[in-house]
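Some notes on the structure that comes next.
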Amino acid sequence: QYSKHTYISENALLPGQVKTHYSWSEVSEANAYAELIESLVNASSLEKAAAIERELRKSGFKTATQNFTVNVLGKPITGVNIFAVLNAPRGDGTEALVLSAPWKSKDGITDNINGVAAALSIGKSLKKYTYWSKDIILLISDGDEIGVQAWLEAYHDYQISGSPLLLRSGAIQAAVNLDFPGTHSYHALGLFF
1 QYSKHTYISE NALLPGQVKT HYSWSEVSEA NAYAELIESL VNASSLEKAA
51 AIERELRKSG FKTATQNFTV NVLGKPITGV NIFAVLNAPR GDGTEALVLS
101 APWKSKDGIT DNINGVAAAL SIGKSLKKYT YWSKDIILLI SDGDEIGVQA
151 WLEAYHDYQI SGSPLLLRSG AIQAAVNLDF PGTHSYHALG LFF
């Protein structure tokens, strides 16, 4: 009778058991990704998606792309989202976390070179470890919020604006979006909810 009102999630206790392993070698890798991404700034959406897909596959991820068209104020906006899934070795595929980075920063003008590079580097780093209990989805979105919205619609089978997703995971429990405008170093990062 009393135990029905008490619940302890072992997943909630897991962060206290993890030692961070993201080191200078991963930062150097992110810098190399930043150079690649900077070379793609003027490329088409398809070319960008193909280049990121190659990098994710080299790291051992299952990848897929999603073409979408969204009408905003009567103007069609098209793009290509690229995403990958890291299946949790200790999970059953029913829950997932999303790590995303848009091609453009929130202002819609500045390229999110460091954000995309960090997402790729963090994703590759996460792939090395076996203690994950939730799948991890990496999403590089085209068109910032519009691309994420198109991807979420398809992920939740509320299909209005994009092609169906050929790669899926479980229910999304949380998401982190990396938006680091510019290509310079940072003295501090802000966390916004």
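Okay, so the sequence shown: first residue is 1 according to UniProt numbering, each after it adds one.
Beta carbons are placed, not taken as given, at the ideal position from N, Cα and C, and that holds for glycine.
From a predicted model like this one, the values you see are computed outputs, not experimental measurements.
Near Trp-151, what residues of its chain come up, given a Cβ to Cβ distance below 8 Å and the 5 sequence neighbours on each side ignored? Within the same chain, Trp-151 has close Cβ partners Gln-66, Phe-68, Asn-81, Phe-83, Leu-139, Ser-141, Gly-162 and Leu-165.
Buried or exposed: which applies to Ser-105, given that a residue is buried once 16 or more other Cβ atoms fall within 10 Å of its Cβ? buried
Suppose you measure from the CA of Ile-172 to the CA of Leu-97; what does that come to, to the nearest Å? Between Ile-172 and Leu-97, the C-alpha separation is close to 6 Å.
Find the nearest neighbour of Asn-177 within the set Ser-100, Glu-35, Ser-185 and Trp-24, judged by alpha-carbon distance. Ser-100
Buried or exposed: which applies to Asp-144, given that a residue is buried once 16 or more other Cβ atoms fall within 10 Å of its Cβ? buried
To the nearest angstrom, report how far apart Phe-180 and Gly-91 are at their CA atoms. 31 Å
For the alpha helix (DSSP H) that Leu-46 lies in, which residues bound it at each end? 45 to 58
Output the boundary residues of the beta strand (DSSP E) element that contains Val-70. 62 to 72
Using beta-carbon positions only, say whether Lys-48 and Leu-167 come within less than 7 Å of one another. no
What does Gly-79 pair with, by DSSP beta-bridge criteria? According to DSSP, which records beta bridges pairwise, Gly-79 is partnered with Phe-68.
By Cβ distance below 6 Å, which residues in the same chain neighbour Ile-113 in space, the five residues on each side in sequence not counted? Ala-34, Ile-37, Glu-38 and Thr-183
Status (buried if at least 16 other CB within 10 Å, exposed otherwise) for Pro-89: exposed
For Gly-147, which residues in the same chain have their Cβ closer than 6 Å to its Cβ, ignoring the five residues on either side in sequence? Gly-79, Asn-81 and Ser-141
Among the candidates Glu-95, Glu-26, Thr-130 and Glu-29, whose CA atom is the shortest distance from the CA of Ala-175? Glu-95
Looking only at its chain, what residues have a beta carbon closer than 8 Å to the beta carbon of Ile-77, apart from the 5 residues adjacent to it on each side? Thr-69, Val-70, Asn-71, Gly-143 and Ile-146
Would you kindly check if the distance between the Cβ of Val-27 and the Cβ of Asp-111 is under 7 Å? no
Reference Ala-32; option with closest CA among Tyr-158, Ala-119 and Ala-43: Ala-119
Tell me where the beta strand (DSSP E) around Leu-99 begins and ends. 95 to 102
Can you look up residue 202 in the DSSP assignment and give me helix, strand or coil? A question about residue 202 goes unanswered here, because the residues of the chain that appear run from 1 up to 193.
Spatial neighbours of Glu-55 within its chain, please: CB distance less than 8 Å, with the 5 preceding and 5 following residues excluded, ordered by chain position. Tyr-33, Leu-36 and Leu-120
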